[in-house]
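Enquirer: Numbering (the UniProt record's numbering), first residue to last: 1 to 195.
Would you mind keeping the following structure in view while I ask a few things?
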């Protein structure tokens with residue numbers, strides 16, 4: 001059992017306490033709230049002890065009083081934990097964005113060459129497919145249907161990848177020139193208006 005498991009039971013009597021206990025476990029805030037509550041109730045600092053204390057009317061009354069007297073502090077603990085968690089997430093996302101920006105800004109042979117490389121690989125694959133089909137026709141024509149079924153999916157997959165690469169490269173070039181890439185439906189509608 002952990003502190004979040006106690007939230008539902010505690011919330012029946014002390015919603016502010018439950019709010020603090022159910023907050024993000026960032027920076028020891030939940031542990032701090034738990035220590036404060038269990039210390040005030042005079043029980044062990046464990047979730048099970050807190051849930052068991054709810055069965056004792058005196059402890060339950062103390063918990064309700066603690067909730068009412070320290071509501072602001074308890075809710076503040078939760079908000080503080082959420083703020084710390086948001087700061088950590090913002091920092092993490094900033095680092096990810098910085099990495100992405102540096103990768104985009106870096107010029108290198110692979111960044112500029114992976115799309116053409118993919119095109120050359122598609123061409124080489126199609127040449128190999130043609131030679132393979134020719135070999136099957138010459139050596140064992142009965143295997144042709146099986147080979148064609150397998151090769152069709154290979155060519156379709158490679159062609160789809162190449163088509164996406166061509167589209168994205170065109171979008172990248174438009175973006176570099178400051179133009180927003182148009183969707184295919186916008187392109188069709190634009191061409192119809194011109195005619």
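No residue lacks a Cβ here, since even glycine has one placed at the ideal position from N, Cα and C.
Using DSSP with H/G/I as helix, E/B as strand and the rest coil, what is residue 177?
Expert: coil
Enquirer: Do residue 74 and residue 59 have their C-beta atoms closer together than 8 Å?
Expert: no
Enquirer: Pull up the distance between the alpha-carbon of residue 127 and that of residue 167, whole angstroms please.
Expert: Here the C-alpha atom of residue 127 lies approximately 23 Å from the C-alpha atom of residue 167.
Enquirer: Are residue 1 and residue 47 close, meaning C-beta to C-beta below 8 Å?
Expert: yes
Enquirer: Cutting at 6 Å between CB atoms, please list the residues of its own chain near residue 49, excluding the five before and the five after it.
Expert: 43
Enquirer: Confirm, please, whether the CB-CB distance from residue 9 to residue 54 is below 8 Å.
Expert: Cβ atoms of residue 54 and residue 9: closer than 8 Å.
Enquirer: Which word fits residue 113, buried or exposed, when buried means at least 16 other C-beta atoms lie within 10 angstroms of its C-beta?
Expert: By the C-beta density criterion, residue 113 is exposed, having fewer than 16 other C-beta atoms within 10 angstroms.
Enquirer: Jot down the residue ranges of each uninterrupted alpha helix (DSSP H) in the region 29-53, minimum 4 residues, whole runs only, in chain order.
Expert: 29-41 and 47-53
Enquirer: When the Cα atoms are used, what is the spatial distance from residue 136 to residue 121?
Expert: 22 Å
Enquirer: Looking at the secondary structure, which residues open and close the alpha helix (DSSP H) in which residue 142 lies?
Expert: Residue 142 -> no alpha helix (DSSP H), and no H or E assigned at all.
Enquirer: Do residue 118 and residue 197 count as a contact pair if the criterion is CB distance below 8 Å?
Expert: For the chain, the structure presents residues 1 to 195; residue 197 sits outside this window and is missing.
Enquirer: Can you tell me whether residue 1 is helix, strand or coil according to DSSP?
Expert: It is coil, neither helix nor strand.
Enquirer: As a quick exercise: from 14, 12, 18 and 96, pick the residue whose alpha carbon is nearest that of residue 3.
Expert: 18
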